[in-house]
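Participant: In order, the protein sequences belong to chains A and B.
Heads up, the first sequence is in this note's numbering, so the first residue is 1 and it goes up one at a time.
Heads up, the second sequence is in this note's numbering, so the first residue is 1 and it goes up one at a time.
One structure follows; several queries about it will come next.
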Amino acid sequence: NVEPRSVPVFPWHSLVPFLEPSQSG
Amino acid sequence: SSLAPAPAPCNPSHFMKGAIIQLATGELKRVEDLQTQDFVRSAEVSGGLKIDSSLVMDIRGSQQRPGLVSLHFTVGEQQSKVTIDVPPEHPFFVFGQGWSSCSPERTAQLYGLACHHLQVGDMCVSITLQQQP
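See the structure below:
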């Protein structure tokens, strides 16, 4: 018997860049 | 006995084909099955995060970090200019198109993820903090 390995689950927001618009201007 | 440090992954495993992604709705999807609406809906229900449209303005080799590419974006309604350095295989999600990278060949080799070729003019999904009223 092979024990099922836990599958990692990643949050959706880890896939897209966090681009913070600069506050200047 | 001493604990050995955990080996750092060479590549972010969340981009590996088959990786399980949890949307803000709780739904689970494989990374290769994600669609634009999944990001939009997740941001809507997440609270605190907002989807921005980031337009690719320029793509060129990084001068500071050889081997990386510098991506120049204009972000959001304010069209703020943001530049980030990433490996050429790094995937971005383009509105209405799906995963795209500067080197789809390398992305396929390293992640098994099918990508379009990221080009100037592409509109990428990015996130930012939602402004409080």
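Note that beta-carbon positions come from the ideal geometry of N, C-alpha and C, so glycine has one too.
What you are looking at is a predicted structure, and each value in this text was computed from that prediction instead of being measured.
With a cut-off of 8 Å on the beta carbons, I'd call Gln130(B) and Pro11(A) a contact; round off their distance for me.
Facilitator: Wrong, their Cβ atoms sit about 16 Å apart, outside the cutoff.
Participant: What whole-angstrom Cβ distance do Ile127(B) and Val9(A) have, given they're in contact under 8 Å?
Facilitator: Ile127(B) to Val9(A), Cβ: 18 Å. No contact.
Participant: Between the alpha carbons of Asp52(B) and Gly76(B), how many angstroms are there, rounded?
Facilitator: In a straight line, the C-alpha of Asp52(B) is about 5 Å away from that of Gly76(B).
Participant: Which bits of chain B does Ser14(A) rub up against, with CB to CB less than 9 Å?
Facilitator: Here the neighbours are Pro12, His14 and Ile21.
Participant: Report the residue from Gly48(B), Lys29(B) and Val94(B) whose alpha carbon sits nearest the alpha carbon of His136(B).
Facilitator: The first residue shown for chain B is 1 and the last is 133, placing residue 136(B) beyond what the model contains.
Participant: Can you tell me where the alpha helix (DSSP H) holding Thr36(B) begins and where it ends?
Facilitator: Thr36(B) -> alpha helix (DSSP H) spans Thr36 to Ser46.
Participant: Mind checking which residues open and close the beta strand (DSSP E) that includes Gln22(B)?
Facilitator: From DSSP, the beta strand (DSSP E) with Gln22(B) extends over Ile20 to Gln22.
Participant: What three-state label does DSSP hand Ile84(B) in the structure shown?
Facilitator: The answer is strand: DSSP assigns Ile84(B) an E or B state.
Participant: Is there at least one Cβ from chain D nearer than 9 Å to Ser126(B)'s Cβ?
Facilitator: The chain inventory of the structure shown lacks chain D, comprising the protein chains A and B.
Participant: Please identify, using Cβ separations under 9 Å, the residues of the region 31-50 of chain B that lie next to chain A, in order along the chain.
Facilitator: Of all residues in the region 31-50 of chain B, Val31, Leu34, Asp38, Phe39, Ser42, Ala43, Ser46 and Leu49 have a Cβ within less than 9 Å of some Cβ in chain A.
Participant: Is the Cβ of Phe92(B) closer than 9 Å to any Cβ of chain A?
Facilitator: Closer than 9 Å to some Cβ of chain A, the Cβ of Phe92(B) qualifies, so yes.
Participant: Could you check which residue in Val94(B), Asp85(B) and Gln79(B) has the C-alpha nearest to that of Arg60(B)?
Facilitator: Selected option, being the one with the closest Cα: Asp85(B).
Participant: Going by beta carbon distance, what residues of the same chain come within less than 7 Å of Asp38(B), once the five residues before and after it are set aside?
Facilitator: For Asp38(B), where only same-chain residues beyond five positions count, the Cβ hits under 7 Å are Leu23 and Lys29.
Participant: Could you tell me the alpha carbon to alpha carbon distance between Ala108(B) and Ala19(B), rounded to whole angstroms?
Facilitator: Taking the straight line from one Cα to the other gives about 14 Å.
Participant: Between the Cα of Glu89(B) and those of Met57(B), Gln64(B), Leu71(B) and Gln63(B), spot the shortest distance and give me the residue it belongs to.
Facilitator: Per the Cα distances, Leu71(B).
Participant: Using only CA atoms, which one of Gln78(B), Thr83(B) and Val45(B) lies nearest to Val69(B)?
Facilitator: If we check each option's Cα against that of Val69(B), Thr83(B) comes out closest.
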